[in-house]
Amino acid sequence: MIDNYKIITITHKSADIKDIGKFIIPESNGIPLSSRLEGLKKELSISELLYLPTCNRVMFFFCHEGKINESFLHQFTQNLYPEWDISEALAKFLIYEGKDAIRHLFEVSASVDSLVVGEREIIRQLREAYHKCNQEGLTGDSIRLAMDATVRTAKQIYADTKIGEKQVSVVSLAIKKLLEAGVSNNQRVLIVGAGQTNLLVCKFLKKHGFSNISVFNRTLTKAEELSNLVGGSAFHLSELENYSKGFDCMVVCTGAVEPVINKKIYSQLLQGEKDKKVIVDLAIPNNVSKEVVSSSDIDYIEIEGLKVLAKENMAFRTKEVTIAKKIIATTLKDFKSLYAERQLEKAFHQMPKEIKAVKTKAINEVFKKEVEDLDEETKDLMERMLSYMEKKCIGIPMKVAKSTILP
Ligand SMILES: NC(=O)c1ccc[n+]([C@@H]2O[C@H](COP(=O)([O-])OP(=O)(O)OC[C@H]3O[C@@H](n4cnc5c(N)ncnc54)[C@H](OP(=O)(O)O)[C@@H]3O)[C@@H](O)[C@H]2O)c1
Numbered sequence: 027m028i029d030n031y032k033i034i035t036i037t038h039k040s041a042d043i044k045d046i047g048k049f050i051i052p053e054s055n056g057i058p059l060s061s062r063l064e065g066l067k068k069e070l071s072i073s074e075l076l077y078l079p080t081c082n083r084v085m086f087f088f089c090h091e092g093k094i095n096e097s098f099l100h101q102f103t104q105n106l107y108p109e110w111d112i113s114e115a116l117a118k119f120l121i122y123e124g125k126d127a128i129r130h131l132f133e134v135s136a137s138v139d140s141l142v143v144g145e146r147e148i149i150r151q152l153r154e155a156y157h158k159c160n161q162e163g164l165t166g167d168s169i170r171l172a173m174d175a176t177v178r179t180a181k182q183i184y185a186d187t188k189i190g191e192k193q194v195s196v197v198s199l200a201i202k203k204l205l206e207a208g209v210s211n212n213q214r215v216l217i218v219g220a221g222q223t224n225l226l227v228c229k230f231l232k233k234h235g236f237s238n239i240s241v242f243n244r245t246l247t248k249a250e251e252l253s254n255l256v257g258g259s260a261f262h263l264s265e266l267e268n269y270s271k272g273f274d275c276m277v278v279c280t281g282a283v284e285p286v287i288n289k290k291i292y293s294q295l296l297q298g299e300k301d302k303k304v305i306v307d308l309a310i311p312n313n314v315s316k317e318v319v320s321s322s323d324i325d326y327i328e329i330e331g332l333k334v335l336a337k338e339n340m341a342f343r344t345k346e347v348t349i350a351k352k353i354i355a356t357t358l359k360d361f362k363s364l365y366a367e368r369q370l371e372k373a374f375h376q377m378p379k380e381i382k383a384v385k386t387k388a389i390n391e392v393f394k395k396e397v398e399d400l401d402e403e404t405k406d407l408m409e410r411m412l413s414y415m416e417k418k419c420i421g422i423p424m425k426v427a428k429s430t431i432l433p
C-alpha cells in the first residue's frame with residue numbers, strides 16, 4: 027500500500043543547520059552503513075530504508091506497515107541516537123506518511139524544499155544515497171519504484187520550469203560572500219577536503235582567476251585531482267599541521283563529524299600572521315572548532331549565515347515553485363496508479379505457474395484414465411487446446427483487475 031511509505035526527517039525548516047549535523051550517522055572507516063541501519067529495520071519492522079544526509083537535511087525514507095506513533099518515534103530515536111534526550115529530538119522531526127511522504131520526496135528531489143531553492147546538487151545526493159543504500163541491501167522494490175518516479179519528476183521540473191535557472195547552490199552563495207569579504211584572486215587559499223562540494227568551490231575559484239591554491243585531503247590522489255584543476259599544490263590531510271606558507275582564506279568541507287581545524291592546527295597555519303582571515307566552513311557538522319571561531323580574528327562564512335541570501339534567492343523563484351508543485355500534484359497521481367499496477371503485477375506473478383499446474387494436474391491426475399484411452403491424434407489436439415487456453419487465461423485476470431481495481 028502507498029500508505030506504507032514513510033519519512034522521518036530533520037530539515038532546515040525544523041531545526042538550525044548546526045543541529046542537523048547532530049543527526050548525521052557518522053561513517054566509520056570500513057564499517058558499512060547497513061550495520062548501523064539493519065538493527066533499526068529489524069526492531070521497527072521496516073522492510074526497506076533509504077538514508078539521505080545533506081547539508082540541509084537528514085532524511086529517513088522507509089516502508090513500514092503501521093502508523094508512525096509516539097512509541098515508534100521513541101524506539102526510532104533510542105535506536106539511532108541512544109545518548110539523546112528524546113523530547114528534544116522529537117521536537118525537530120517532521121513526519122510524512124503515504125502520499126505525503128512521496129510528495130515530500132518529490133519536493134526534495136526538485137529542490138523545492140531546499141535551503142537554496144533551485145540547487146541541483148540535491149538530485150545527485152539523493153541518487154548517490156539510493157545507490158549506496160541499495161548496494162548495502164537496505165532498499166527493495168518499493169523504494170526503487172519511488173526513486174524512479176522521483177528522478178523523473180525532478181527532471182521534468184528542471185526542464186519545464188525556471189527553478190534551476192541562473193544556477194545557484196550553497197557553494198555559489200558562499201563564494202559570493204567570500205568575494206564580498208574582500209578576498210582577491212592573488213591571495214593564498216587553502217582547500218581542506220576534496221569531495222563534491224570543494225570540487226564546486228574550486229571550479230568557482232578557477233572561474234574567478236584564483237591561482238594560489240593548496241589542497242589538503244585524507245586521500246592524496248583526490249587532493250591531486252583537485253589541485254590539477256586549479257593549477258595548485260596537493261597535500262595529505264596530515265600535512266596540514268606542518269604547513270608553513272601561511273594563508274589568507276581557507277575553505278573547509280569534509281565529511282568528518284569532528285572538527286578538522288582545531289586551535290593547535292589553526293595557530294600553526296597562521297604562522298604568526300595577525301591580519302584578519304576568511305574561513306568558509308561548509309561542512310555539516312562544522313569542521314572548524316567553536317574555540318577557533320570564537321577566539322580568532324576571522325570572517326567566518328558558514329551555511330547558517332547563508333540563510334539571508336537564500337531567502338533573496340527564494341523570492342526570485344517563488345513563481346517557479348508554484349508551477350513545480352502543480353507538476354508534482356500530477357506526477358503524484360501518476361505514481362499512485364503506477365504503484366497499484368506494480369502491486370497487481372507482483373500479486374499475479376505466480377499466475378502462469380499456477381495455471382500450468384492446473385493443466386498438468388488435469389492431464390496427469392484428474393482425467394488420467396480418460397486421457398489414456400484417447401488415440402495419439404486426439405491427445406495431441408487436446409494438449410494444444412489446453413496450451414492455447416492456458417496462454418489466453420493468464421492475461422484475463424490482470425486485464426479485469428486493471429480495469430476494475432486501478433485508480
Ligand atoms: N554537496 C553539497 O551540495 C554540499 C553543500 C554544502 C555543504 N555540504 C557538506 O559538505 C560536506 C562534504 O560533502 P561532499 O558532498 O563534498 O562529500 P563527498 O563528496 O562525499 O566528500 C567528502 C570529503 O570529506 C572527506 N572526509 C570524509 N570523512 C572524513 C574524515 N573522517 N576525516 C577527514 N576527511 C574526511 C573525504 O575524504 P576522502 O577523499 O579521503 O574520502 C572527501 O574529501 C558534508 O558535511 C555536507 O553536508 C555539501
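According to our numbering, the sequence shown is numbered sequentially starting from 27.
C-beta atoms are modelled at their ideal positions from N, C-alpha and C, and glycine is treated no differently.
Take the alpha-carbon of GLU114 and the one of CYS279: they are about 27 Å apart.
DSSP places ILE148 in the uninterrupted alpha helix (DSSP H) bounded by 147-161. Cα atoms of ARG343 and ASP186: separation of roughly 14 Å, rounded to the nearest angstrom. In the structure shown, the three-state DSSP call for ALA260 is strand. For ASN339, the three-state secondary structure derived from DSSP is helix. As a beta-bridge residue in DSSP terms, MET85 pairs with THR35 and LEU78. Setting aside the 5 residues that flank it on each side, GLY166 is surrounded in the same chain by SER73 and GLU74, each with a C-beta closer than 7 Å to its C-beta; the list follows chain order. SER237 and VAL256 have their C-alpha atoms roughly 7 Å apart. The Cβ-Cβ distance between ASP307 and VAL314 falls below 7 Å. Placement of the Cβ of ILE169 at a distance of 6 Å or more from every heavy atom of ligand 1 is found.
Contact annotation: ASN82 and LEU141 have beta-carbon atoms nearer than 7 Å. Residue burial is scored here from C-beta neighbours: ALA220 has at least 16 other C-beta atoms within 10 angstroms and is therefore classed as buried. No heavy atom of ligand 1 is found nearer than 6 Å to the CB of GLN294.
ILE148 is the residue among ILE148, LYS67, LYS232 and GLN369 whose C-alpha sits nearest the C-alpha of LEU131. Taking C-beta atoms as the reference points, PRO58 and GLU154 fail to come closer than 7 Å. Straight through space, the alpha carbons of ILE422 and LEU252 are spaced by roughly 59 Å.
With contacts defined by Cβ atoms closer than 7 Å, ALA350 and VAL138 form a contacting pair.
When the beta-carbon positions are compared, THR357 and THR179 come within less than 7 Å of each other. In terms of side-chain proximity, the C-beta atom of ALA136 is found no nearer than 6 Å to any non-hydrogen atom of ligand 1. Cα atoms of ILE183 and GLY47: separation of roughly 29 Å, rounded to the nearest angstrom.
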